[in-house]
Amino acid sequence: MISKARWRTVISVVACLLALWAAGSWPRFADAAQAAALDVPTPYLPSTRLDVEELLRVAAIGPQDVVVDLGSGDGRIVIAAAKHFGARGFGVDIDEKLVALANENAREAGVSDRARFYHRDIFATDLREATVVTMYLLSSLVNRLRPKLLAELRPGTRIVAHDYGFDGWKPDRTVVITKTFYLYVVPAQVAGKWRLETTLPEGERSYEFELNQQLQEIRGGARVPGGYLPLFEARLAGDRISFVIVDGQRSYHFDGRVTGSLMEGTVKSGIGNAQVENRWRATRILHASSLSDLAFDRLLTAKPPADFECAPIINHSCLPKRTRAGQK
Ligand SMILES: C[S@@+](CC[C@H](N)C(=O)[O-])C[C@H]1O[C@@H](n2cnc3c(N)ncnc32)[C@H](O)[C@@H]1O
């Protein structure tokens, strides 16, 4: 026998598909560009069972996660995360009937203590608790949501967008399995000036370095007496940061975690059985926002001293002349 809840799902899906068909938009939403221009509200179109599985796989859900589905429809994403991964979470939707259906579905699935649904606009939803945010929304809404997500979500929070990603934010991963899933990891705010202290095999060392940031893309360099050492291979993934400093004839590989105005981690030098590992720590001495963009850019693009040479085009690939000469 088919339950009342199932019938209601079937009826609302059929009604939605008919509406989309009437609007000439089947099998996808209305043309994305057209919808973005018109700022059409995202209609209800449930993810398929396959979509839900792939989306949760991309998000790498675990029992410790708090999953928030923005525009949760009949609740299938948060319910699956609770049922199959032991996660908890909630969903919000502007359609009151769908919210009631989602809560009923959660009860039926035996996860109503871990999956809740609220009748609420996405923009009025507090997202700070989330470790994973999922959304299947039209581009116009996705892009309007970006500042809210970046302001409220903690570094390391995963965002998985089904079919419609952010303009101008390079996904950390794109997975195409019949549909497209974009994974974004919320980056820590690291732009500014930092003082790093460590003990290297050669003794105590301290660097003052600057970081410029465009979402998860970072670049920068360290000023040392009489020199400028670019940060090579600088990467930011959530709250994990890594970079390489070449000082003299050695490379130092820094790996660490960012917590507000503190970075801590390990630095490795040498290879194989000659590798040495030490701890490092950096504190922020200047927040990028305390400088105008122009001043900060000038700080970073300041010419390296005369005994350094930079590879053409790549502004920050500067090495002491003696190092390049030694490499020949
Ligand atoms: C395409 S459906 C996705 C449903 C569900 N997440 C899934 O993947 O099966 C989009 C949902 O977003 C809801 N929605 C659209 N704009 C919203 C807003 N501003 N606030 C809350 N919900 C919204 C719609 O009512 C609809 O149920």
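Residues 859 to 1186 (the working numbering) are what the sequence shown spells out, left to right. Here a beta-carbon is modelled for each residue, glycine too, at the ideal position from N, C-alpha and C.
- Note on His1145: under 16 other CB atoms within 10 angstroms of its CB, so exposed under the neighbour-count rule.
- A direct Cα-Cα distance of roughly 29 Å separates Leu985 from Ala1140.
- In this structure, the alpha-carbon of Leu1089 lies about 40 Å from that of Ala982.
- Below 8 Å, enough C-beta pairs join the stretch 1028 to 1043 and the stretch 905 to 916 to call them touching: three or more.
- In the three-state reduction of the DSSP assignment, Glu987 falls in the coil class, being assigned neither a helical nor a strand state.
- In the three-state DSSP reduction, Phe1024 falls in the coil class, being neither helix nor strand.
- For Ser998, the uninterrupted alpha helix (DSSP H) segment begins and ends at Ser997 to Glu1010.
- Take Leu913, set aside five residues on each side of it, and the residues of its chain with a beta-carbon closer than 8 Å to its own are Ser905, Ile935, Thr992, Val1018, His1020 and Phe1039, in chain order.
- Rounded to the nearest angstrom, the gap between the Cα atoms of His1111 and Val916 is 29 Å.
- For Ala1132, the secondary structure class from DSSP, reduced to helix, strand or coil, is helix.
- In the assembly as shown, Gln1072 is an exposed residue. Its beta-carbon has fewer than 16 other beta-carbons within 10 Å.
- Rounded to whole angstroms, the gap between the alpha carbons of Glu987 and Leu1094 is 22 Å.
- Relative to ligand 1, even the nearest heavy atom lies 6 Å or more away from the CB of Ile1035.
- Taken through DSSP and simplified to helix, strand or coil, Arg934 comes out as helix.
- 7 Å or more divides the Cβ of Val924 from the Cβ of Gly944.
- Gln1133 and Ile1143 have their alpha carbons spaced roughly 31 Å apart.
- For Glu1060, there is no enclosing alpha helix (DSSP H), since its DSSP letter is neither H nor E.
- In the displayed model, Val926 falls within a strand according to three-state DSSP.
- The Cβ atoms of Gly1123 and Asp1113 sit closer than 7 Å to each other.
- Rounded to the nearest whole angstrom, the C-alpha separation of Ala940 and Ile1076 is 35 Å.
- Exposure of Leu1120 is indicated by the presence of fewer than 16 other C-beta atoms within 10 angstroms of its C-beta.
- Pairing Ser1064 with Pro1083, the inter-Cα distance amounts to about 11 Å.
- By the CB criterion at 7 Å, Asn1070 and Gly1079 fall outside the cutoff.
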